[in-house]
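> Starting off with a structure, shown below.
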Amino acid sequence: MLFETREFTLKDGRKALLLNPEEEHAQGLLDYLIKSAEETDFLLRYPEECGRYTLEGEKKLLESMKGSPNDLFLTCTVDGKVAGNCHLMMNGQMKIKHRANVAIALLKEYWGLGIGTAMFEAMLDVAKANPDLMQVELEVVEGNDRAIGLYKKMGFEVYGVRPRAIKLKDGTLLSETLMVNKLR
Numbered sequence: 003m004l005f006e007t008r009e010f011t012l013k014d015g016r017k018a019l020l021l022n023p024e025e026e027h028a029q030g031l032l033d034y035l036i037k038s039a040e041e042t043d044f045l046l047r048y049p050e051e052c053g054r055y056t057l058e059g060e061k062k063l064l065e066s067m068k069g070s071p072n073d074l075f076l077t078c079t080v081d082g083k084v085a086g087n088c089h090l091m092m093n094g095q096m097k098i099k100h101r102a103n104v105a106i107a108l109l110k111e112y113w114g115l116g117i118g119t120a121m122f123e124a125m126l127d128v129a130k131a132n133p134d135l136m137q138v139e140l141e142v143v144e145g146n147d148r149a150i151g152l153y154k155k156m157g158f159e160v161y162g163v164r165p166r167a168i169k170l171k172d173g174t175l176l177s178e179t180l181m182v183n184k185l186r
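Per this note's numbering, numbering through the sequence shown is continuous, rising by one, with the last residue being 186.
Take a look at the structure:
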């Protein structure tokens, strides 16, 4: 899905861009995937699982996302570097066409600068403009209190818990909190 690039100012005064990533961002996105997975256990992948992604595959994915009516893929860049991304996945099946799911991640050095809020505002603008969508859903890993705070600020509310949803390498089991933003 195409998105008109937005510029905004970070809390530290730097400028950032929200955009549909292009082929030129593919390597930066691959590097970001690995680094973000190294920085937190709140994502669903470990760094070593990112090895299956290739530069050519990433370029093809980016091209397909632009043409997809059911996917909005936003990347935030700061000083030309990938800082984070947000993916809104809409459903094409009639019974669940009113629902979408969102995933977001930021590199740690960009936490607390307003990027998460900007990405969610942009994503929710797109979601609200779609007359079929009635709600946006997400899952958040137990202990990710920063994310839960952002999601609540953006209008999401808790509707359930999925116990034992995540199993870490050391055997620790974590729950996922299920959240929803009812658009209408």
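The beta-carbon is built from N, C-alpha and C at its ideal position, and this holds for glycine as well.
Please classify Met91: does DSSP put it in a helix, a strand, or coil?
In this structure, Met91 counts as strand in the three-state DSSP scheme.
> What are the partner residues of Leu20, as DSSP defines its beta bridges?
Beta-bridge pairing links Leu20 to Arg8, Cys78.
> Indicate the three-state DSSP secondary structure (helix, strand or coil) for Thr179 in the structure shown.
It is a strand residue.
> Between Phe44, His89, Ala129, which lies nearest to Phe75 when the distance is taken from Cα to Cα?
Of Phe44, His89, Ala129, the residue nearest in Cα terms is His89.
> Can you check which of these residues, Asp134, Pro49, Leu115, Phe122, is closest to Lys97 by C-alpha distance?
The residue with the shortest Cα to Cα distance from Lys97 is Asp134.
> In chain order, which continuous runs of the beta strand (DSSP E) of length 3 or greater are located wholly inside the region 103-163?
Fully enclosed beta strand (DSSP E) runs of 3 or longer: 137-143.
> Measure from the alpha carbon of Ile106 to the alpha carbon of each residue in Gly15, Lys13, Leu140, then state which is nearest.
Taking only the C-alpha atoms, the option nearest Ile106 is Leu140.
> I need the straight-line Cα distance from Val104 to Ala129, nearest angstrom please.
Taking the straight line from one Cα to the other gives about 10 Å.
> Report the residue from Leu20, Pro49, Tyr161 whose alpha carbon sits nearest the alpha carbon of Glu40.
If we check each option's Cα against that of Glu40, Pro49 comes out closest.
> Classify Gly53 as buried or exposed, calling it buried when 16 or more other Cβ atoms lie within 10 Å of its own Cβ.
Per the 10 Å Cβ criterion, exposed.
> Short check: CB of Ala124 to CB of Leu32, under 8 Å?
Result no, Cβ atoms of Ala124 and Leu32 do not sit closer than 8 Å.
> Quick check: Met3 and Pro71, are their CB atoms within less than 8 Å of each other?
It is a contact, given that the beta carbons lie within the stated cut-off.
> My output table needs one value for Lys171: the three-state DSSP class, helix, strand or coil.
Reduced to three states, the DSSP call for Lys171 is coil.
> By a C-beta neighbour count over all protein chains shown, 10 Å radius and 16 as the cutoff for buried, is Thr79 buried or exposed?
By the neighbour-count rule (16 or more Cβ atoms within 10 Å), Thr79 is buried.
> How would you label Thr77, buried or exposed, when you count the other beta carbons within 10 angstroms and need 16 or more for buried?
Buried, because 16 or more other Cβ atoms sit within 10 Å of the Cβ of Thr77.
> Apart from the five residues on each side of it in sequence, which residues of its chain come closer than 6 Å, Cβ to Cβ, to Leu176?
For Leu176, where only same-chain residues beyond five positions count, the Cβ hits under 6 Å are Val143, Glu144, Ile168.
> If you draw a straight line from the C-alpha of Ala28 to the C-alpha of Glu60, how long is it?
When rounded, the distance between both Cα atoms is 6 Å.
> So is Ala131 buried or exposed if we call it buried at 16+ other beta carbons inside 10 Å?
Classification for Ala131: exposed.
> Determine the burial state of Thr174: buried for a count of at least 16 other Cβ atoms within 10 Å of its Cβ, exposed for fewer.
Its Cβ having fewer than 16 others within 10 Å, Thr174 is exposed.
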